[in-house]
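Visitor: Mind looking over this structure? Questions follow.
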Amino acid sequence: MTYSTPEISILFLHAMFPGDQSKNIPAIDLLNDFRVKVKSFKQINTLNNILTDMKFEESDQINEFIKKAKMKYGSVEINQFINDCIEYYFGHKDVIAPLTNKPSPLFPNETVLDDIDFNLLEPVYLRDL
Amino acid sequence: MKIDFDYIVVGSGAAGAAAAWRFSEKNASVLILELGDYVKNDDYPTTKENWEQVKNSKFNPIASSRKGVYDYPVDDTESPIALCNYNAVGGSTILFSAHFPRFLRKDFSIKSDQNIGVDWPISYDSILPYFDINEKEMALSGLIGDPYYPEIEDALPPVPLGKVGETLAKGFNQLGWHWWPSFAAISTREKNGRSKCINLGPCNAGCPQQAKSSVDQTYLKKAKINGVRLISKFSVSKILVENNIAVGVEGFDESGKCKIFYGKKIVLAASAVGTPRILLNSKSKNSPNGLANSSGLVGKNLMIHPLGYVEGVFNDYLESDSGPQGCLLYSLEHHRTADSDHKLGYMMHALRGGGPVEVAKSALAKKKLRFGGSVYNDFGNFYGKQAVIAIICEDIPEVKNQIMLDYECLDRFGQPGVKVLYQLHNNTKKMLSHGMNNARRLMKEAGAKKSYAHGPVKNTGWHIMGTCKMGLNPQQSVVDVNGQAHDVKNMFIVDSSVFPTSSCVNPANTIQAVALYLADKIYDL
């Protein structure tokens, strides 16, 4: 099957970040602002051209495909694209919350950590420095 | 000539804020001129959903990458370490990690003790009372009793270690090495109107809780109550001198209008980058190589504290995503190492893990993040399970390491930016290697399933020192023991530019203690 732009890049991004239903982690293309944000990824047009040229298919093994693409087209632009993907996906509140159990934004939510076990310091304190 | 103020302080960061407050406590009239703007609480990244993206853009500490509207250009392409700073009211304390140890007594006498570098021309004992003052004003937290710091007698309770700290501490104990919970400029309890720390994590993105003691929350608040005037978004371009006496400063307001302020004493505290930039730019017929530069040492002897990172990854979740990222514990076991082929030594500074974006990028860089269905488990192998030991190396002052003016990259007012020339000393390279090997031993002992080491780490040039050295000999230093320029009366430097040597610990506490000490000396002159 041949995909047109931008469907092919959406398919590719879905393959990179497919979500995990068991952990309530959404796929990248299901994030509410995905269609707006993806346009701002620096190398989106380059990626579209690469995917079209290499005839990316849903059945392709994603990591192998990226490896081959880097060998064929060089890694600089592809790495820039991946960097933007990671910043967007792992920075999205709908991903962060189920993935890390941390609120987003962080402020003003307190995390309580145990007080220090002072017995741990005994060997240090008893040493003659 | 109309004298506007008793003191004009250039820069509102760690040193400038402390000195300005000290002057104001003596009822002097003080003007602070700050290059940057105020940071409002809801500007901080951790108030945003995409906090790591904001942290890496507007709040990026790397001067050459941030390129904010209030920044001057910095070219660090000829340095393995990028300069980190922040131009805002509060200076780099807005983004510092708040790790707050003191320099050690031995740090002031490395020439006498180890025949390397120079001795400080002022004694450690003379600074001690100012550490006490500073730690009170900056809400020091930590645990009293570290054998390396017998003089510290008062602090708020320490920041929590959490599971990650306890895990590392057990590793240190098994090796028989010194460690201690961090001293931090973080209010761990509600006190004096300050909120307590709520363990958000990334203190180096700024603290909307206002528990971290950036100086906009400490000295500047009190200074303003005392009547200190602060003008933000004002770029000082040069010092005005008449008959070898500093009389004022010239610069540009936000609109680009050139303005002059006159003062009885001019006090520079614009950082070890900003201060030499102003002096080198203040050249004239009488000072063709820059002001106060008859020694040729303005901008020279740059020290940055090269860092190595050793990251340990553990099987269990260690809560390393919570608590002050840069304040956990430290070790001075290798502050001096007799059986090594390097002189001086390093601190082991334990750090907690990063946020999700940072962790994902880090895993990808290690080729441990696969895309597709595996991406979540791969991410989970790192997130909250990392601990880092930063090896902070004592740097050696060398004349060839320097800040220069860069006339090819100008700021928005047409003033030159800076270029950084810096190379690691051979002693530092040996020290770095020694430290990273030891940190890997520590990680193994603590139970890490894997450790990763690299250094020098590029984006870690926070601890900038030495570019206007203090000394007794005018031919070998820029300022005297009172911080006054040898060449120019009534012009003083109180920031880390004056440090003759660098220690191996975070310098913020010592920068402020020295600034307070010099403020008293300057007042008495």
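Sequences listed follow chains A and B, in order.
The numbering used here applies: residue 388 is where the first sequence begins, and numbers increase by one.
The numbering used here applies: residue 136 is where the second sequence begins, and numbers increase by one.
Note that the Cβ used here is the ideal one computed from N, Cα and C, for glycine as well.
Determine the closest residue to residue 574 of chain B out of B:520, B:465 and B:493, with distance taken between C-alpha atoms.
Guide: When each option's Cα is compared against that of residue 574 of chain B, the closest is B:465.
Visitor: Do the CB positions of residue 555 of chain B and residue 211 of chain B come within less than 7 angstroms of each other?
Guide: The answer is yes: Cβ separation under 7 angstroms.
Visitor: Rounded to whole angstroms, what's the CA-CA distance from residue 642 of chain B to residue 465 of chain A? Just pull it up for me.
Guide: Distance between the alpha carbons of residue 642 of chain B and residue 465 of chain A: 40 angstroms.
Visitor: Can you pull the chain B neighbours of residue 510 of chain A, defined as C-beta to C-beta under 8 angstroms?
Guide: Under the 8 angstroms cutoff, chain B gives 308 and 311.
Visitor: Check distances from the C-beta atoms of the stretch 176-193 of chain B to those of chain A and list, in chain order, the residues that come in under 8 angstroms.
Guide: Residues 179, 181, 182, 183, 184, 185, 186, 187, 188 and 191.
Visitor: Using 8 angstroms as the Cβ pair cut-off and three pairs as the minimum, do the stretch 136-156 of chain B and the stretch 492-510 of chain A touch?
Guide: Touching, no, given that fewer than three Cβ pairs across the two stretches are closer than 8 angstroms.
Visitor: So which residues of chain A does residue 293 of chain B contact, with C-beta pairs closer than 7 angstroms?
Guide: Residues of chain A passing the Cβ test: 503.
Visitor: Below 9 angstroms between beta carbons is the criterion; list the residues of the stretch 280-305 of chain B that meet it against any residue of chain A, in chain order.
Guide: If the cut-off is 9 angstroms between Cβ atoms, the stretch 280-305 of chain B has 280, 281, 282, 283, 292, 293, 294, 295, 296, 297, 298, 300, 301, 304 and 305 near chain A.
Visitor: For residue 397 of chain B versus residue 659 of chain B, is the C-beta distance shorter than 7 angstroms?
Guide: Taking 7 angstroms as the Cβ cut-off, residue 397 of chain B and residue 659 of chain B do not qualify as a contacting pair.
Visitor: Of all Cβ atoms in chain B, is any one closer than 7 angstroms to the Cβ of residue 465 of chain A?
Guide: No, its Cβ sits nowhere closer than 7 angstroms to a Cβ of chain B.
Visitor: With a threshold of 7 angstroms between beta-carbons, can residue 388 of chain A be considered close to chain B, or not?
Guide: Unreliable positioning characterises residue 388 of chain A in this predicted model, as indicated by a pLDDT of 49, which lies under 50. The coordinate reading is nonetheless provided below. Taking Cβ atoms only, chain B never reaches closer than 7 angstroms to residue 388 of chain A, which makes this a no.
Visitor: My output table needs one value for residue 188 of chain B: the three-state DSSP class, helix, strand or coil.
Guide: Residue 188 of chain B: helix per DSSP, three-state reduction.
Visitor: Under a Cβ-count criterion, where at least 16 other Cβ atoms within 10 Å of its own Cβ denotes burial, should residue 458 of chain A be classed as buried or exposed?
Guide: Residue 458 of chain A is exposed by the Cβ-count criterion.
Visitor: Does residue 388 of chain A come out as helix, strand or coil in the three-state DSSP assignment?
Guide: For residue 388 of chain A, the pLDDT reaches just 49, beneath the cut-off of 50, and the residue's location in the model is therefore unreliable, although a value from the coordinates is still provided. Three-state result, residue 388 of chain A: coil.
Visitor: Is residue 428 of chain A close to chain B, meaning its C-beta is less than 7 angstroms from at least one C-beta of that chain?
Guide: No, because no Cβ of chain B sits closer than 7 angstroms to the Cβ of residue 428 of chain A.
Visitor: Kindly give me the distance between the Cβ atoms of residue 352 of chain B and residue 345 of chain B, rounded to whole angstroms, as I take these residues to be in contact under 8 angstroms.
Guide: That pair is a contact at about 5 angstroms.
Visitor: Cβ of residue 521 of chain A within 7 angstroms of Cβ of residue 491 of chain A?
Guide: This structure gives no information on residue 521 of chain A, because the portion of chain A shown stretches from 388 to 516.
Visitor: Just checking: is the beta-carbon of residue 461 of chain A within a distance shorter than 7 angstroms of some beta-carbon in chain B?
Guide: Residue 461 of chain A does not count as touching chain B.
Visitor: Note down the Cα distance separating residue 638 of chain B from residue 238 of chain B, rounded to an integer number of angstroms.
Guide: For residue 638 of chain B and residue 238 of chain B, the distance between alpha carbons rounds to 6 angstroms.
Visitor: Consult DSSP for residue 156 of chain B and reduce its assignment to one of helix, strand or coil.
Guide: Helix.
Visitor: Give a yes or no on whether 7 angstroms exceeds the smallest Cβ distance from residue 407 of chain A to chain B.
Guide: Chain B, which has a Cβ nearer than 7 angstroms to the Cβ of residue 407 of chain A, makes this yes.
Visitor: Residues of chain B with a CB under 9 angstroms from the CB of residue 445 of chain A: which are they?
Guide: Chain B residues near residue 445 of chain A: none, gap ~12 angstroms exceeds 9 angstroms.
Visitor: Extract the residue ranges of the beta strand (DSSP E) inside the stretch 477-542 of chain B, only unbroken runs of 3 or more that lie entirely within it.
Guide: Counting whole runs of 3 or more residues, the stretch 477-542 of chain B contains the beta strand (DSSP E) stretches 481-486 and 521-528.
Visitor: Leaving out the 5 sequence neighbours to the left and right, which residues in its chain are closer than 6 angstroms to residue 171 of chain B when beta-carbon positions are compared?
Guide: Closer than 6 angstroms at the Cβ level, and outside the excluded window around residue 171 of chain B, lie 205, 222 and 223.
Visitor: Could you tell me whether the stretch 322-332 of chain B touches the stretch 290-308 of chain B, where touching means 3 or more Cβ pairs closer than 8 angstroms?
Guide: Counting Cβ pairs under 8 angstroms, three or more are found: they touch.
Visitor: Closest to residue 371 of chain B by C-alpha separation, out of B:645, B:480, B:168 and B:248, would be which residue?
Guide: Residue B:168 is the option with its Cα nearest to residue 371 of chain B.
Visitor: For the candidate residues A:498, A:471 and A:479, whose alpha-carbon lies nearest to that of residue 419 of chain A?
Guide: Measuring from the Cα of residue 419 of chain A, the nearest candidate turns out to be A:479.
Visitor: Could you run through the stretch 440-467 of chain B and flag, in chain order, every residue whose CB is less than 7 angstroms away from some CB of chain A?
Guide: Correct list: 454, 456, 457 and 458.
Visitor: Give me the DSSP bridge partner(s) of residue 344 of chain B.
Guide: Answer is none; residue 344 of chain B lacks a bridge partner.
Visitor: For residue 302 of chain B, report the span of its alpha helix (DSSP H) as first-last.
Guide: Taken as a continuous stretch (DSSP letters only), the alpha helix (DSSP H) holding residue 302 of chain B covers 297-310.
Visitor: Chain A partners of residue 514 of chain B, CB-CB under 8 angstroms?
Guide: Here the neighbours are 477 and 486.
Visitor: Which full runs of the alpha helix (DSSP H) of 4+ residues lie inside the stretch 428-463 of chain A, going along the chain?
Guide: Taking only runs of at least 4 residues, the alpha helix (DSSP H) segments lying wholly in the stretch 428-463 of chain A are 431-440 and 449-460.
Visitor: Would residue 435 of chain A count as contacting chain B if we go by Cβ distances under 7 angstroms?
Guide: It does not: the Cβ of residue 435 of chain A has no partner Cβ on chain B nearer than 7 angstroms.
Visitor: Quick one: is residue 395 of chain B near chain A, going by C-beta distance under 7 angstroms?
Guide: With 7 angstroms as the cut-off, residue 395 of chain B does not count as an interface residue toward chain A.
Visitor: Let me see if you follow: with CB-CB separation under 7 angstroms, is residue 494 of chain A close to chain B or not?
Guide: Output row for residue 494 of chain A: interface = yes.
Visitor: Using a C-beta to C-beta distance shorter than 8 angstroms, which residues of chain B count as neighbours of residue 404 of chain A?
Guide: Per Cβ cutoff of 8 angstroms: 506 and 510.
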